[in-house]
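Asks:
Chains as they are written, first to last, in UniProt numbering: chain R, 1 to 245; chain P, 1 to 245.
What follows is the structure, encoded as structure tokens:
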């Protein structure tokens, strides 16, 4: 059996997220498995590095599957480009060691959260940014972000639905860039709990808008209470930016 | 009567262009007139700086209308932002001299044509760029563009449907920027014939891809024969970038 790794870009606007549900056509994984199964004449099960929610995008998602197909990497790339819908593009196909596992072997991930910070939304970026009309104080957001960096129990920053046993994760860095109306927050960590990137972004937006105190973050972390952190920021601003192995 | 000028941004993907047709809901002008008429309780006729084709975008379209409404500019701006669909945003409302006319008084226009020049398309830019898979020689495109600059009869660069009497226009400049996969062509001129920006872009793409000779442009202009220029480039790459008075 060959083990094939894919690098995938997608515009998640029209999908119910990565994870396959009953109606496979509406998820990224389902759509990919359909095309891969036709390509190989096998029933392909695709292992993703992790889920992304409905409406969340990916610059670089990683997945792998096992196959007995003898098709070349280049031919697979061409086939996938031809038969996938326009909002999903496989940018790399590489045969990897049989032991490689897209989810278990993740060492780090980057999530980018993009905000259009102006009184009115931008018609071109509305699906790829979150619109925040209140002026944001970027320095306060950076101050709050510093408290989130490091190894913490992120129970306050994950949805109650989360079933992960340990809520401890390490955030390596949070960088906030501001170019006129566009504010970009890059989260880099060893892993992210369910909804964690969106809740961190939502909390930083609350701080930037002056509705939460930057210095309240340490206590929010310590209390392990989801109700203390900010709201989950909208899906449209979130992009799975990179997966590291 | 007051004369009100609007600055409008739109994502043209879902529309049949600027110009009102029978089904007003599917054109930018129709959509704006509907909302303006409700706002003022009058039958508003909106004068645009010019048409844009189906699927073409605008960073800055200009239009004006006459009204007896006493509503403030700021209240109009808020009303329009609230009731227009998300892909049309009025960014400025200004009361102007009664003689101002959005179309007759145009002194210059800028059109931006955007190309994603890579083997595979980009899922995030596919609606706002044209995908050209063949490598483009930017220097050859710049050479061809120089021949288009100046005052010329652009009969070879307009669709046969064009009913403008004079086909003479002045192109002030054509600037081509190249940032990795993104190629941007900015056309600046005193006016553009029907489909002229798209046919110039299509011709420059042919030159860049090596299918036409940059030095053939002077003869194409001189022959006044539409069949000699390149194809009309796709609508998705074209953006009405600015209108000058």
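Note that beta-carbon positions come from the ideal geometry of N, C-alpha and C, so glycine has one too.
(1) Per the DSSP calculation, residue 109 (chain R) is bridged to which residue(s)?
(2) So, residue 183 (chain P) versus residue 239 (chain P), is the Cβ gap smaller than 8 angstroms?
(3) What residues in the region 98-128 of chain P bring their beta carbon closer than 8 angstroms to a beta carbon of chain R?
(4) Using a Cβ-Cβ cutoff of less than 6 angstroms, which residues in the same chain neighbour residue 177 (chain R) once the five nearest sequence positions on both sides are dropped?
(5) Using a Cβ-Cβ cut-off of 8 angstroms, state whether residue 132 (chain P) counts as contacting chain R.
(6) My output table needs one value for residue 157 (chain P): the three-state DSSP class, helix, strand or coil.
(7) Hey, is residue 4 (chain P)'s beta-carbon within less than 8 angstroms of any beta-carbon in chain R?
(8) Would you decide whether residue 141 (chain P) is buried or exposed? Buried here means 16 or more other CB atoms lie within 10 Å of its CB.
(9) For residue 11 (chain P), count neighbouring C-beta atoms within 10 Å of its own C-beta (all shown protein chains included) and say buried if the count is 16 or more, exposed if not.
(10) In its own chain, which residues sit with a C-beta less than 6 angstroms from the C-beta of residue 220 (chain R), not counting the 5 before and 5 after it?
(11) Counting C-beta neighbours from all protein chains within 10 Å, is the total for residue 233 (chain R) 16 or more, i.e. buried, or is it exposed?
(12) Residue 191 (chain P): which of P:119, P:208 and P:103 sits nearest, CA to CA?
(13) Are the region 57-77 of chain R and the region 21-30 of chain P touching, with three or more C-beta to C-beta distances below 8 angstroms?
(14) Does chain P have any CB closer than 8 angstroms to the CB of residue 89 (chain R)?
(15) Excluding five sequence neighbours on each side, which residues of the same chain lie with their C-beta closer than 6 angstroms to the C-beta of residue 244 (chain R)?
(16) How would you list, in chain order, the residues of chain P whose beta-carbon sits under 8 angstroms from the beta-carbon of residue 86 (chain R)?
(17) Along the chain, which unbroken stretches of the alpha helix (DSSP H) at least 4 residues long are found entirely within the region 14-86 of chain R?
(18) Please name the residue in P:18, P:6, P:1 and P:153 whose C-alpha comes closest to that of residue 42 (chain P).
(19) Just reading off the alpha helix (DSSP H) that residue 139 (chain P) is part of, what are its end residues?
(20) According to DSSP, residue 228 (chain P) sits in a beta bridge with which residue or residues?
(21) Measuring alpha carbon to alpha carbon, tell me which residue in P:189, P:50, P:8 and P:39 is nearest residue 70 (chain P).
(22) Leaving aside the five residues before and after residue 172 (chain P) along the sequence, list all residues of the same chain whose C-beta is less than 8 angstroms from its C-beta, in chain order.
(23) Using 10 angstroms around the beta-carbon of residue 49 (chain R), count the other beta-carbons present and answer buried if the total reaches 16, otherwise exposed.
(24) Excluding sequence positions up to five away, which residues of its chain have a Cβ less than 8 angstroms from the Cβ of residue 54 (chain P)?
(25) For residue 289 (chain P), which three-state DSSP category applies?
(26) Along chain R, in chain order, which residues have C-beta atoms closer than 8 angstroms to that of residue 10 (chain P)?
(27) At a cut of 8 angstroms, does the region 118-127 of chain P reach the region 192-201 of chain P through at least three beta carbon pairs?
(28) Taking Cβ positions only, does residue 79 (chain R) come closer than 8 angstroms to chain P?
(29) Out of curiosity, what's the CA-to-CA distance linking residue 168 (chain P) and residue 46 (chain R)?
(30) How would you write the range of the beta strand (DSSP E) that residue 96 (chain R) sits in, first residue to last?
(31) Counting C-beta neighbours from all protein chains within 10 Å, is the total for residue 9 (chain R) 16 or more, i.e. buried, or is it exposed?
(32) Return helix, strand or coil for residue 184 (chain R), following the three-state DSSP convention.
(33) Consult DSSP for residue 206 (chain R) and reduce its assignment to one of helix, strand or coil.
(34) If you drop the 5 nearest sequence neighbours on each side, which residues of the same chain put their C-beta closer than 7 angstroms to that of residue 128 (chain P)?
(35) By alpha-carbon positions, which one of R:216, R:211 and R:6 ends up nearest to residue 95 (chain R)?
Replies: Let me lay it out:
(1) Reading the first chain from its first residue, position 109 is the one you call residue 109 (chain R). Bridge partners of residue 109 (chain R): R:189 and R:243.
(2) Here residue 183 (chain P) refers to the residue found at position 183 when the second chain is read from its first residue. Here residue 239 (chain P) refers to the residue found at position 239 when the second chain is read from its first residue. No. Outside cutoff.
(3) When CB distances to chain R are screened at a threshold of 8 angstroms, the residues of the region 98-128 of chain P falling below it are 120, 121, 122, 123, 124, 126 and 128, in chain order.
(4) In the first chain, counting from the first residue as 1, residue 177 (chain R) sits at position 177. Within the same chain, residue 177 (chain R) has close Cβ partners 184.
(5) Translated into positions along the second chain, residue 132 (chain P) becomes position 132. Judged by the 8 angstroms Cβ criterion, residue 132 (chain P) is not in contact with chain R.
(6) In the second chain, residue 157 (chain P) corresponds to position 157, counting from 1. Of the three classes helix, strand and coil, the one that applies to residue 157 (chain P) here is helix, per DSSP.
(7) Within the second chain, numbered from 1, the residue matching residue 4 (chain P) stands at position 4. It does not; no Cβ of chain R falls within 8 angstroms.
(8) By one-based count along the second chain, residue 141 (chain P) stands at place 141. Result: buried.
(9) Along the second chain, one-based indexing puts residue 11 (chain P) at 11. Answer is buried; the Cβ neighbour count reaches 16.
(10) As a working mapping, residue 220 (chain R) is identified with position 220 in the first chain. Around residue 220 (chain R): 156, 228 and 229.
(11) Counting from 1 along the first chain, the entry for residue 233 (chain R) is found at position 233. Under the 10 Å beta carbon count, residue 233 (chain R) is surrounded by 16 or more other beta carbons and is classified as buried.
(12) Mapped onto the second chain, residue 191 (chain P) falls at position 191. Residue nearest to residue 191 (chain P) within the set P:119, P:208 and P:103 is P:103 (criterion: CA-CA distance).
(13) No, the region 57-77 of chain R does not touch the region 21-30 of chain P.
(14) For the purposes of this step, residue 89 (chain R) is taken as residue 89 along the first chain, with counting starting at 1. So yes, residue 89 (chain R) belongs to the interface.
(15) If you number the first chain from 1, residue 244 (chain R) lands on position 244. Exclusion of the five residues before and after residue 244 (chain R) leaves 107 and 108 as the residues of its chain whose Cβ lies within less than 6 angstroms of its Cβ.
(16) To locate residue 86 (chain R), count along the first chain from 1; it is residue 86. Contact of residue 86 (chain R) with chain P by beta-carbon distance below 8 angstroms involves 121, 123 and 126.
(17) 28-40 and 73-83
(18) Taking the first residue of the second chain as 1, we reach residue 42 (chain P) at position 42. For residue 42 (chain P), the closest of P:18, P:6, P:1 and P:153 by C-alpha to C-alpha distance is P:1.
(19) As a first step, residue 139 (chain P) must be located in the second chain, where it is residue number 139. Per DSSP, residue 139 (chain P) is one residue of the alpha helix (DSSP H) stretching across 138-148.
(20) Counting from one through the second chain, the residue named residue 228 (chain P) turns up at place 228. Residue 228 (chain P) is not bridged to any residue.
(21) Here residue 70 (chain P) is taken as the residue at index 70 of the second chain, counted from 1. Residue P:39 is the option with its Cα nearest to residue 70 (chain P).
(22) Within the second chain, the letter at position 172 stands for residue 172 (chain P). Same-chain partners within the cutoff: 108, 149, 188, 189 and 190.
(23) To locate residue 49 (chain R), count along the first chain from 1; it is residue 49. So residue 49 (chain R) ends up on the buried side.
(24) Translated into positions along the second chain, residue 54 (chain P) becomes position 54. Excluding sequence neighbours, residue 54 (chain P) sits near 12, 15, 16, 17 and 235.
(25) Given a span of 1 to 245 for chain P in the structure shown, any question on residue 289 (chain P) remains unanswerable.
(26) Looking up residue 10 (chain P) in the second chain gives position 10. Residues of chain R passing the Cβ test: 123.
(27) no
(28) One-based indexing of the first chain puts residue 79 (chain R) at position 79. No, residue 79 (chain R) lies away from the interface with chain P (no Cβ there is under 8 angstroms from its Cβ).
(29) Counting from one through the second chain, the residue named residue 168 (chain P) turns up at place 168. Counting from one through the first chain, the residue named residue 46 (chain R) turns up at place 46. One C-alpha to the other measures close to 59 angstroms.
(30) For the purposes of this step, residue 96 (chain R) is identified with residue 96 of the first chain, where counting begins at 1. Counting along the chain, the beta strand (DSSP E) containing residue 96 (chain R) begins and ends at 88-96.
(31) Taking the first residue of the first chain as position 1, residue 9 (chain R) is located at position 9. Classification for residue 9 (chain R): buried.
(32) For the purposes of this step, residue 184 (chain R) is identified with residue 184 of the first chain, where counting begins at 1. Here residue 184 (chain R) sits in strand by DSSP.
(33) Here residue 206 (chain R) corresponds to residue number 206 of the first chain, with the count starting at 1. Looking at residue 206 (chain R) - three-state DSSP - the assignment turns out to be helix.
(34) Reading the second chain from its first residue, position 128 is the one you call residue 128 (chain P). Excluding sequence neighbours, residue 128 (chain P) sits near 57, 114 and 236.
(35) Position 95 of the first chain, counted from the start, is the residue given in the question as residue 95 (chain R). The shortest Cα separation from residue 95 (chain R) among R:216, R:211 and R:6 belongs to R:6.
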